[in-house]
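Trainee:
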Amino acid sequence: MSRVSRCSPHPYQLLVEGKNDMHVIKNLCKKYNLKEDIFTIDAPEEYNEEGIENLLKRLPLKIKESGRKTLGIVVDADENITSRWQSIRDLLTRSGYSDIPVHPPSNGYINSKVYANFPPPLIGVWVMPNNQLPGMLEDFVTWLIPPNDQLLVIARKTLDDIEDKKLDLYSGPSRCKALIHTWLAWQQEPGRPMGAAITNKALNYDSAEALAFVAWLKRLFIE
Amino acid sequence: MEEPAAVTSNGGVLLVDEIDTGLHYSAQTSMWRLLMETAERLNVQIFTTTHSWDCVCSFQEALGKVSNSSVGKLFRIETQGEYSRAVVYEPDELVVAVRQSVEVR
Chain S
858 MSRVSRCSPH
868 PYQLLVEGKN
878 DMHVIKNLCK
888 KYNLKEDIFT
898 IDAPEEYNEE
908 GIENLLKRLP
918 LKIKESGRKT
928 LGIVVDADEN
938 ITSRWQSIRD
948 LLTRSGYSDI
958 PVHPPSNGYI
968 NSKVYANFPP
978 PLIGVWVMPN
988 NQLPGMLEDF
998 VTWLIPPNDQ
1008 LLVIARKTLD
1018 DIEDKKLDLY
1028 SGPSRCKALI
1038 HTWLAWQQEP
1048 GRPMGAAITN
1058 KALNYDSAEA
1068 LAFVAWLKRL
1078 FIE
Chain A
39 MEEPAAVTSN
49 GGVLLVDEID
59 TGLHYSAQTS
69 MWRLLMETAE
79 RLNVQIFTTT
89 HSWDCVCSFQ
99 EALGKVSNSS
109 VGKLFRIETQ
119 GEYSRAVVYE
129 PDELVVAVRQ
139 SVEVR
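Order-wise, the sequence lines are chains S and A. Start counting the first sequence at 858; every next residue gets the next number (the numbering used here). Start counting the second sequence at 39; every next residue gets the next number (the numbering used here).
(1) Which term fits S:F1078, buried or exposed, when burial requires 16 or more other beta carbons within 10 angstroms of its beta carbon?
(2) Would you identify the three-state DSSP class for S:L1009, choosing helix, strand or coil?
(3) Straight-line CA distance for S:E907 to S:M879?
(4) Is A:R79 close to chain S? Criterion is C-beta to C-beta, closer than 8 Å.
(5) Scan the stretch 905-918 of chain S for residues whose Cβ lies nearer than 9 Å to a Cβ of chain A and list them as they occur along the chain.
(6) Within the same chain, show all residues whose beta-carbon is closer than 8 Å to that of A:R71, passing over the 5 residues directly before and after it, in chain order.
(7) Compare the beta carbon distance of S:K888 and S:I1055 with 8 Å and say whether it is the shorter of the two.
(8) If the criterion is Cβ atoms closer than 8 Å, does the pair S:V982 and S:I930 meet it?
(9) In the DSSP assignment, what residue or residues form a beta bridge with S:G981?
(10) Would you kindly work out how many angstroms separate the C-alpha atoms of S:E995 and S:P986, rounded to a whole number?
(11) With H, G and I counted as helix, E and B as strand and the rest as coil, what does DSSP make of S:M858?
(12) In chain order, what residues of the stretch 122-141 of chain A put their CB closer than 8 Å to some CB of chain S?
(13) For S:T950, count the other beta carbons within 10 Å of its own beta carbon; 16 or more makes it buried, fewer makes it exposed. Which is it?
(14) Which one or two residues does DSSP pair with S:I898 in a beta bridge?
(15) Confirm, please, whether the CB-CB distance from S:T1039 to S:L1016 is below 8 Å.
(16) Under 8 Å Cβ to Cβ from S:H867, same chain only, skipping five residues before and after it: list those, please.
(17) Tell me whether S:L1001 sits in a helix, a strand or coil according to DSSP, three-state version.
(18) Does DSSP put A:R143 in a helix, a strand or coil?
(19) Could you check where the alpha helix (DSSP H) with A:S64 kicks off and where it finishes?
(20) When the Cα atoms are used, what is the spatial distance from S:Y966 to S:M993?
(21) Name the chain S residues that come within less than 8 Å of A:E116, Cβ to Cβ?
(22) Does the Cβ-Cβ distance between S:I980 and S:N968 come in under 8 Å?
(23) Shorter than 8 Å from the beta carbon of A:R71 to some beta carbon of chain C?
(24) So within the stretch 1016-1049 of chain S, which uninterrupted alpha helix (DSSP H) runs reach at least 4 residues, ignoring any that extend past its ends?
(25) State the Cα-Cα distance for the pair A:T67 and A:L73, rounded to the nearest angstrom.
(26) Please report the distance separating the alpha-carbon of S:M858 from that of A:T76.
(27) Opposite S:D935 in the DSSP bridges: which residues?
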């Protein structure tokens, strides 16, 4: 039998696909002084509950949750950002939201329509990596590496080499996962997960995308 | 289990407050199945209340075991100022809520 938390869900919550997203975002928030009690991050507890399909099933229930004031949603664009946005848009429409744009705004989406009785929670959506390109959390994290980083150049070249020799076992869209984990393996503390690498300052670059993401979080949960 | 009150309410409505009170969680799925099957057979509409997550889980489990899962729904009563409304959870939503531990109370 499944369990729920003994305390009520936090009124302000961010819904993510998995634990990696949660740790990266938690550590980004620490880096940019967003206090932990402003919102909680809802990530699946079990690995087999991770991923976009489970998130899309969970989403309508999170909107209906008792006391919900604000719900942020972070999903990967994966290979087709248009269809990913469309599936989110359809679900939100079915949950009673309207005036949702056809394409995700580049600085992240926040539904600003005012509703009368029993207004639904304020909704925000960020499509990784930057609401414009196909890709995922790992692409976003790669943007936290300074652009002139020597190891990143070598990591890219290494992936090129093994792909030329047809030794790569990953599929094309997973290349950025292979890249970031290769790069992380060569840091002062090899093999630290992405979130921890933000805290220990291996991933320390204030890229425009990271700043835009943090600005979206602030607009959604604070302003 | 004793004969439920539903059998004397043929064609009518049965109201049960805090239906899980005093029942061990392991007995609750059987209780729900019996109620769902009896309600359908005798055309009785049953309204029950609970605050128990165990009871919600056993309700969902029983819905998965009866022949017609659309026989039951969960409603959460939400109050805002002087107004209240029912928030509906369909059987397929309850499957997700129980599996992914999303609060429905």
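Quick reminder that beta carbons are idealized off the backbone N, C-alpha and C, glycines included.
Mentor: Put simply:
(1) Working through the first sequence from its first residue, we reach residue 1078 of chain S at position 221. Flag for S:F1078 reads buried.
(2) On the first sequence, position 152 is the one that residue 1009 of chain S refers to. Of the three classes helix, strand and coil, the one that applies to S:L1009 here is helix, per DSSP.
(3) What you label residue 907 of chain S is simply residue 50 of the first sequence in a count that begins at 1. What you label residue 879 of chain S is simply residue 22 of the first sequence in a count that begins at 1. Straight-line measurement puts the Cα of S:M879 at about 11 Å from the Cα of S:E907.
(4) Here the question's residue 79 of chain A lines up with position 41 in the second sequence. False, the Cβ-Cβ gap to chain S never drops below 8 Å.
(5) Those residues of the stretch 905-918 of chain S that come within reach of chain A (Cβ to Cβ, closer than 9 Å) are E906, N911, K914, R915, P917 and L918.
(6) Here residue 71 of chain A corresponds to residue number 33 of the second sequence, with the count starting at 1. Here A:R71 has A100, K103 and V104 as same chain residues with Cβ atoms under 8 Å from its own Cβ, once five neighbours each way along the sequence are excluded.
(7) Position 31 of the first sequence, counted from the first residue, corresponds to residue 888 of chain S. Position 198 of the first sequence, counted from the first residue, corresponds to residue 1055 of chain S. Taking 8 Å as the Cβ cut-off, S:K888 and S:I1055 qualify as a contacting pair.
(8) To locate residue 982 of chain S, count along the first sequence from 1; it is residue 125. To locate residue 930 of chain S, count along the first sequence from 1; it is residue 73. Yes.
(9) Here residue 981 of chain S corresponds to residue number 124 of the first sequence, with the count starting at 1. Bridge partners of S:G981: S:G929 and S:I967.
(10) Here the question's residue 995 of chain S lines up with position 138 in the first sequence. Here the question's residue 986 of chain S lines up with position 129 in the first sequence. The alpha-carbon separation between S:E995 and S:P986 amounts to approximately 8 Å.
(11) The sequence position of residue 858 of chain S within the first sequence is 1, counting from 1. Interpretation of S:M858 is limited by its pLDDT of 46, a score under 50 that renders its predicted location unreliable; no figure is taken from the coordinates.
(12) Within the stretch 122-141 of chain A, the residues whose Cβ lies closer than 8 Å to some Cβ of chain S are R123, V125, Y127, E131, V134, A135, V136, R137, Q138, S139, V140 and E141, listed in chain order.
(13) Along the first sequence, one-based indexing puts residue 950 of chain S at 93. Exposed.
(14) Taking the first residue of the first sequence as 1, we reach residue 898 of chain S at position 41. In the DSSP output, where bridge partners are listed per residue, S:I898 has S:L871.
(15) Numbered from 1 along the first sequence, position 159 holds the residue referred to as residue 1016 of chain S. Numbered from 1 along the first sequence, position 182 holds the residue referred to as residue 1039 of chain S. In terms of Cβ geometry, S:L1016 and S:T1039 form a close pair [threshold 8 Å].
(16) In the first sequence, the residue the question calls residue 867 of chain S occupies position 10. Answer for S:H867: F896 and T897, listed in chain order.
(17) Within the first sequence, numbered from 1, the residue matching residue 1001 of chain S stands at position 144. The answer is coil: DSSP assigns S:L1001 none of H, G, I, E or B.
(18) For the purposes of this step, residue 143 of chain A is taken as the residue at position 105 of the second sequence. It is coil, neither helix nor strand.
(19) Looking up residue 64 of chain A in the second sequence gives position 26. Counting along the chain, the alpha helix (DSSP H) containing A:S64 begins and ends at Y63 to L80.
(20) Along the first sequence, one-based indexing puts residue 966 of chain S at 109. Along the first sequence, one-based indexing puts residue 993 of chain S at 136. Straight-line measurement puts the Cα of S:M993 at about 17 Å from the Cα of S:Y966.
(21) Counting from one through the second sequence, the residue named residue 116 of chain A turns up at place 78. Listed along chain S are S923 and F975, each with a C-beta nearer than 8 Å to that of A:E116.
(22) Position 123 of the first sequence holds residue 980 of chain S. Position 111 of the first sequence holds residue 968 of chain S. Yes; because the gap between Cβ atoms is below 8 Å, this pair is in contact.
(23) In the structure shown, chain C cannot be found, because the protein chains are S and A.
(24) The stretch 1016-1049 of chain S contains these whole alpha helix (DSSP H) runs: 1032-1042.
(25) Against the second sequence, residue 67 of chain A aligns to sequence position 29. Against the second sequence, residue 73 of chain A aligns to sequence position 35. Using only the alpha carbons, I get a separation of about 10 Å.
(26) Taking the first sequence and counting its residues from 1, the one referred to as residue 858 of chain S is at position 1. Taking the second sequence and counting its residues from 1, the one referred to as residue 76 of chain A is at position 38. Residue placement at S:M858 is flagged as unreliable, the pLDDT there being 46, under the threshold of 50; the coordinate-derived value follows with that caveat. Their backbone Cα atoms lie some 25 Å apart in a straight line.
(27) Position 78 of the first sequence, counted from the start, is the residue given in the question as residue 935 of chain S. For S:D935, which the question treats as bridged, DSSP gives the partners S:G992.
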